[in-house]
Amino acid sequence: MDHFANRSGSLHAEDVPLTAIAEAVGTPVYVYSVATMKRHAEVMLDAVAGCGSGEPLVAYAVKANPNGAVLRVLQGCGLGADVVSIGEYRRARAAGIAPERIVFSGVGKTAEEMAEALAGGVLQFNAESIEEARMLSAIADAQGKSAPIGFRINPDVEAGTHAKITTGTADNKFGIPAAEALGAYAEAERLPGLKVQGITVHIGSQLVSIAPLEAAFRRLGELIGALRAQGSDIRLADLGGGLGVPHGADQPQPALPEAYGAMVRRVTADWNCRLVFEPGRLIVGNAGVLLTRVVRVKPGASHPWLIVDAGMNDLMRPALYDAWHGIEAVTPRGAKATVNVVGPVCESGDTFAMAREMDAVEAGDLVLFRTAGAYGATMANGYNSRPLTPEVLVDGDRWALVRKRIDLSDCAEVDPDWR
Ligand code: LLP
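Using numbering that gives the first Met the number 0, the letters of the sequence shown map in sequence onto residues 0 to 418.
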């Protein structure tokens, strides 16, 4: 469910006409709906309420959309944060998220990052190798602290999503193989400065079926029993993120959060662990659109090329993962047309959709890409010396620019003395 709807002939974000935002800020621009984010946060919190022992923590995966204004809204909804860099950690803290509601994930945490997060406080470091645990042990020992740690398990489960966002198979870089878990925990228990307390798994993103998640969680459950038998006091199980969002009526429909919550309740009933969840896309994906303007329509061999002023640098998902995004005219003219939707970047990969039947539009018309609230602005870059796309937050009839357009061209300056 989202709050982008047509009212009297033109699409609005909540009560604000998108035409007004495009007029004031220019295009391309990301537009987020506060009501949609709040709704999704509530749906997730409700879905997992009462799961596990103690209060479950929904730690929003900051990577999906790290905008400070977005983080503040989600903090207000009671979400914690899953961070994967010290930059994300700082953003989460700046948004008011308490250290004991932050988990630190990521396969390549540096010593500097771990030292700062340990000093500032975290609920848990999700370590991805015994080598990382050894480094954390040395840092914690030097700070005279005890670092809360859990290992990320690679359950070798096929998630059934795009290969580039699959993370839990033996050929992925993430986590430690289940078969090596007992050895890793035994060593970690002997290392100074570590409080071995948890376990975690994350097998991929935009998952449509919850069956692979269930298989991964069952694997985790077996390990929790074995680890306790070996002497580790596992109290916290972090089940990662990954639940997909609907992209359109004729696209694959992912399992609903309620079904996910029911599965978790069933699988974890006898774990006696506090549970953590790390949803990203589920919270913000459908809470954002990318608003763009048609630069021109150019004849093509099979279909016209609809050239918009957003490019693959602004929204990378179609180019990277062949992702499907709904594309609509902001003020539909009534007719439909079959077109190829492309950006201005000098690569053939700068293609949003081929042979897409959509609202007929003309040069100068506004168009939007749906489901762009997650992994949109945050993955944007300055390729082709294009500025970073601005971001706007809408709340009812109010809206604000929450990140301005950033022109990177002045960063190309070189030292004038350099020859
Ligand atoms: N936890 C961990 C450890 C993760 O690596 C991720 C996502 C999440 C949680 C959140 O997953 P979500 O609930 O959002 O599916 N750029 C790609 C998605 C990459 C996801 C990376 N990790 C895309 O645009 O589809």
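Where is the CB? At the ideal position from N, CA and C, for every residue including glycine.
Residues that residue i bridges to, as DSSP identifies them
i	result
F150	A126, I198
T291	V366
S301	For S301, which the question treats as bridged, DSSP gives no partner whatsoever.
N271	Its beta-bridge partners do not exist; DSSP assigns none.
G79	A58
A12	F3, V15
S32	V393
A183	Answer is none; A183 lacks a bridge partner.
A225	Bridge partners of A225: none, in fact.
W398	V393
I405	L387
Whether residue i touches residue j by CB criterion (8 Å)
i	j	result
A146	L135	yes
L365	A21	yes
G241	L212	yes
I405	H39	no
Y320	I164	yes
V28	K62	no
L255	Q196	no
S384	S408	yes
R100	L44	no
T330	T18	yes
N64	T377	yes
I152	A180	yes
R402	N66	yes
V266	M311	no
Selection from the options that minimises the alpha carbon distance to residue i
i	options	result
D14	A21, A23, F3, V24	F3
E111	A91, R92, R100, A137	A137
P303	E356, A46, P251, E22	E356
L290	Q252, V393, A309, P415	A309
G79	N66, K108, V106, V121	V121
I96	G107, R71, A114	R71
E87	G348, V69, H11, R397	V69
A178	G67, L226, A162, Q142	L226
A359	G395, V293, T350	V293
P98	K108, I85, G107	I85
G159	N312, P253, A379, G25	P253
D349	G363, R265, T377, A318	A318
V42	K403, L181, L73	L73
F124	H11, E157, V275	V275
L367	D313, G260, G299	D313
G279	Q205, D249, P298	Q205
A141	M353, E115, D416	E115
N297	A228, G143, G342	Checking the sequence, you will find Lys at residue 297 rather than Asn. Of the listed residues, the one whose Cα sits closest to K297 is G342.
Nonlocal neighbours in the same chain, by C-beta distance under 8 Å from residue i, ignoring five residues either side
i	result
A132	A126, I148, F150, A183, E186, A187, L190, L193
T26	L290, T291, R292, D308, A309, L365
R273	G51, S52, G53, E54, P55, L56, R234, L235, A236
Same chain, Cβ closer than 7 Å to residue i, five either side skipped, listed in chain order
i	result
A139	L117, S145, A146, G192, L193
P16	S9
T370	V244, H246, G284, N285, H324, G325
V338	H302, P303, L305, R355, M357
R295	I306, A362
G260	A46, V47, C50
Alpha-carbon spacing of residue i relative to residue j, whole angstroms
i	j	result
I223	A258	24 Å
I233	E221	12 Å
P154	I209	15 Å
V430	V200	Since the first residue of the chain shown is 0 and the last is 418, residue 430 is not available in this structure.
F103	G372	22 Å
Y31	E390	8 Å
D237	A268	15 Å
R332	V33	28 Å
R316	K37	24 Å
G77	G49	15 Å
P251	D414	52 Å
G230	N171	29 Å
F173	G167	7 Å
A215	I202	8 Å
Y374	K335	29 Å
R217	P176	15 Å
S7	G105	46 Å
A322	M113	34 Å
C410	N380	13 Å
T109	W417	32 Å
M353	I129	46 Å
W270	R89	32 Å
A93	G299	49 Å
Spatial neighbours of residue i in its chain, beta-carbon cut-off 6 Å, leaving aside the 5 residues before and after
i	result
E277	A58, A60, D81, G239, G240
T35	D1, H2, A286
M262	I209, E213
F351	P317, V340
G395	E13, D14
H161	Y320
Any C-beta of chain D under 8 Å from that of residue i
i	result
A162	Judged by its chain identifiers, the structure shown contains no chain D, having just a single protein chain.
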